[in-house]
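For reference, the structure is listed below as structure tokens.
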Amino acid sequence: MRLDMKLTAGGRRLAVAALVQSVGIGLFMASSMAFYTLKIGLSANQVALGLATAGAVALGISLLGGVLADRYGARRVVAAVYLGRAVCFGAYAFVRTFWEFLVVTLFAVACDRAGPPVLQALVAAAVPEPHERTRLLAVINAVRNFGTGLGAMAAGVALTTNTMLAYRVTLSGIAVAFIGGAVLVLRVPEEAPAVPVPPQPGERRSALPDRRYLVLTGLNFLLSFFDGLLLVAMPVWVLQHTDAPRATVSALFASNTVLVLLLQIPVSRFAVGRRRTARMVTYGGGVMAVSSLFFATAGGTVGWYAVGWLFAAVVALSLGEVVINSAVWDLSISLAPPAVRGRYLSFFNLGMAGQRVLGPIVITGLLLGSGTVGWVGAAVVFVLAGVATERVALGAGSRTATLVDA
Numbered sequence: 539m540r541l542d543m544k545l546t547a548g549g550r551r552l553a554v555a556a557l558v559q560s561v562g563i564g565l566f567m568a569s570s571m572a573f574y575t576l577k578i579g580l581s582a583n584q585v586a587l588g589l590a591t592a593g594a595v596a597l598g599i600s601l602l603g604g605v606l607a608d609r610y611g612a613r614r615v616v617a618a619v620y621l622g623r624a625v626c627f628g629a630y631a632f633v634r635t636f637w638e639f640l641v642v643t644l645f646a647v648a649c650d651r652a653g654p655p656v657l658q659a660l661v662a663a664a665v666p667e668p669h670e671r672t673r674l675l676a677v678i679n680a681v682r683n684f685g686t687g688l689g690a691m692a693a694g695v696a697l698t699t700n701t702m703l704a705y706r707v708t709l710s711g712i713a714v715a716f717i718g719g720a721v722l723v724l725r726v727p728e729e730a731p732a733v734p735v736p737p738q739p740g741e742r743r744s745a746l747p748d749r750r751y752l753v754l755t756g757l758n759f760l761l762s763f764f765d766g767l768l769l770v771a772m773p774v775w776v777l778q779h780t781d782a783p784r785a786t787v788s789a790l791f792a793s794n795t796v797l798v799l800l801l802q803i804p805v806s807r808f809a810v811g812r813r814r815t816a817r818m819v820t821y822g823g824g825v826m827a828v829s830s831l832f833f834a835t836a837g838g839t840v841g842w843y844a845v846g847w848l849f850a851a852v853v854a855l856s857l858g859e860v861v862i863n864s865a866v867w868d869l870s871i872s873l874a875p876p877a878v879r880g881r882y883l884s885f886f887n888l889g890m891a892g893q894r895v896l897g898p899i900v901i902t903g904l905l906l907g908s909g910t911v912g913w914v915g916a917a918v919v920f921v922l923a924g925v926a927t928e929r930v931a932l933g934a935g936s937r938t939a940t941l942v943d944a
């Protein structure tokens, strides 16, 4: 995959680091369940319990990454997160019991949750121009998708041989990938962390971001449900509520991957100026609403008509995903005070992290449990969340004074 050669040297290193570590993630995602159940001897329920417990606990722990980034610099913290994940993947090779699995998974998930907001803070520190950093985040997202798919295909070697040696070699390769990512990150030039403004006499400082930023975090929780719709709702809806062939699920996943790769970077170019970027969230919410209605329609049709509506739904979902991503990346950075940017971004990331923990419950219990009505309700939520995000973002103003209204 060719990287955008207009990126700065630091930007190219971050993109390559993302590619390297995403190959490791793809290797792990494709082979981990087989390793847990066939080689360690855990049951599927034990694995699910361990992952859910680690995910819930890591929500709070991940906020520490932003605090450390503000104090010591985002570059050091991102490198430390990559090295921490390398240690965790190496440790998996020696896990033998459920409790050992739980401890290693807790640390691994905590590092995983802490990484994205701190990486955003590093991009903001390494690339001062707002439009360029949004483009860099788009490139990073694209190469992550590509690398994850590449790693998933490479995992076939371990799955085919199904030996402990093959899994240990795979885990070692993943650890090496993250070490390589850490080395590349440490070579990225970074501006010195901004010096916090001391409070005035009688002024109280809250440990939380300001009220508008907290509202944006909650709205991002709703908008980020595009992830759960693809990973949870789509396959269940296809298999249980339509008569589309089972192979349609794989084709829909592949279509989303390709579309995100093709669209994320071009769409990110439209995130210029606070007003236009905020308006993109409204558009993204509207497109996600259309996707939800297409899914609902697929449940009421048969044969190839159902397949056609499903593909239309995934095309709309993929477009909504890249539009929302491009907009919220820019807004979350630009509305965070530079001196506490890491802490603000860590809070903002709770929207996506919370969706990953609560999303499957909400989707299976409310959306899928209500059938067509659930999809219509999802469409309404996406529209309202998009419009509300635009209003709040425009009212908040720019914290960094670097965005130019357009």
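Residue numbers for the sequence shown follow the numbering used here, so the first one is 539 and each next one is one higher. All C-beta atoms, glycine included, are put in the ideal place defined by N, C-alpha and C. Fair warning: this is a prediction, and the values are worked out from it, not measured in the lab.
Take residue i and list the residues in its own chain whose beta-carbon comes closer than 7 Å to its own, dropping the five residues that flank it on each side.
i: TYR630; result: VAL642 and LEU709
i: THR815; result: ALA809, ALA865, ASP868 and LEU869
i: ARG784; result: LEU777
i: THR795; result: ASN683 and GLY687
i: LEU594; result: Strictly speaking, residue 594 in this sequence is Ala, with Leu absent from that position. Within the same chain, ALA594 has close Cβ partners VAL895.
i: LEU945; result: Residue 945 is absent from the structure shown; the chain starts at 539 and stops at 944.
i: PHE573; result: TYR705
Starting from residue i, trace the alpha helix (DSSP H) in both directions and tell me its first and last residue.
i: TYR821; result: 812 to 836
i: GLY907; result: Element bounds for GLY907: n/a, residue is neither H nor E.
i: PHE684; result: 668 to 692
i: TYR610; result: 601 to 610
i: LEU947; result: No answer is possible for residue 947: it lies beyond the span of the chain, which begins at 539 and ends at 944.
i: VAL641; result: 636 to 664
i: ARG894; result: 879 to 900
i: GLY858; result: 841 to 872
i: GLY756; result: 749 to 761
i: PRO804; result: 786 to 806
i: ARG706; result: 702 to 724
i: PRO727; result: Unbroken run through PRO727: none, as it is neither H nor E.
i: LEU576; result: Neither: LEU576 is in no alpha helix (DSSP H) and is coded neither H nor E.
i: PRO783; result: PRO783 -> no alpha helix (DSSP H), and no H or E assigned at all.
Have a look at the options and flag the residue whose alpha-carbon is nearest the alpha-carbon of residue i.
i: TYR610; options: LEU660, GLY915 and GLY598; result: LEU660
i: VAL770; options: VAL921, ILE901, TRP913 and VAL925; result: ILE901
i: THR910; options: ALA663, VAL605, SER830 and VAL921; result: SER830
i: PHE632; options: GLY823, GLY579, ASN679 and VAL852; result: GLY579
i: PHE670; options: ASP781, THR698, THR546 and LEU869; result: Residue identity check: residue 670 is Glu in the sequence provided, not Phe. The shortest Cα separation from GLU670 among ASP781, THR698, THR546 and LEU869 belongs to THR546.
i: ALA568; options: GLY694, GLN658 and GLN559; result: GLY694
i: ARG613; options: GLY924, VAL707, LEU857 and PRO655; result: PRO655
i: ASP781; options: ARG813, ALA844, GLY824 and PHE764; result: ALA844
i: VAL605; options: ALA789, ARG929, GLY880 and SER908; result: GLY880
i: VAL615; options: ARG749, ALA652, VAL860 and VAL585; result: ALA652
i: TRP847; options: ALA854, LEU855, PHE832 and GLY841; result: PHE832
i: VAL921; options: ALA590, THR635 and ALA827; result: ALA827
In chain order, what residues of the same chain have a beta carbon less than 6 Å from the beta carbon of residue i, not counting five sequence neighbours either side?
i: VAL942; result: With a pLDDT of only 37 at VAL942, under 50, the local geometry of the prediction cannot be trusted, and no value is derived from it.
i: ALA624; result: ALA713, PHE716 and ILE717
i: GLN738; result: Below a pLDDT of 50, predicted positions are generally treated as unreliable, and GLN738, at 46, falls in that range; the measurement from the model is reported next regardless. Cβ within range, chain order: n/a, list empty.
i: PHE947; result: With the chain running from 539 to 944 in the structure shown, residue 947 is simply not present.
i: PHE885; result: PRO747 and THR755
i: ASN679; result: GLN802
i: ALA704; result: ALA696
i: LEU657; result: VAL616
i: VAL619; result: CYS649, ALA652 and GLY653
i: VAL925; result: THR820
Spatial neighbours of residue i within its chain, please: CB distance less than 8 Å, with the 5 preceding and 5 following residues excluded, ordered by chain position.
i: ALA948; result: Since the first residue shown for the chain is 539 and the last is 944, residue 948 is missing from the structure and cannot be characterised.
i: TYR787; result: As written in the sequence, residue 787 is Val, which differs from the Tyr given in the question. MET772, PRO773, VAL776 and LEU777, listed in sequence order.
i: LEU621; result: PHE716, ILE717 and ALA720
i: ARG807; result: HIS669 and ARG673
Quick test of your reading: residue i and residue j, contact by CB under 8 Å. State the CB separation rounded to the nearest angstrom.
i: LEU906; j: GLY912; result: 6 Å
i: PHE759; j: GLN893; result: 6 Å
i: GLY548; j: PRO747; result: Not a contact, Cβ separation roughly 27 Å.
i: THR672; j: ALA809; result: 5 Å
i: ARG682; j: SER762; result: That belief does not hold up - the Cβ atoms of ARG682 and SER762 are roughly 16 Å apart, past 8 Å.
i: GLU667; j: ARG817; result: 21 Å between Cβ atoms; not a contact.
Would a check of beta-carbon distances place residue i closer than 9 Å to chain D?
i: GLY924; result: Among the protein chains of the structure shown there is no chain D, as only one such chain exists.
Contact between the segment 827 to 842 and the segment 874 to 883 (3+ Cβ pairs under 8 Å): no
The segment 582 to 602 contacting the segment 752 to 762, beta-carbon criterion three pairs below 8 Å: no
At least three beta-carbon pairs within less than 8 Å, the segment 682 to 689 to the segment 880 to 890: no
Cβ contact (3+ pairs, closer than 8 Å) linking the segment 854 to 868 and the segment 565 to 585: no
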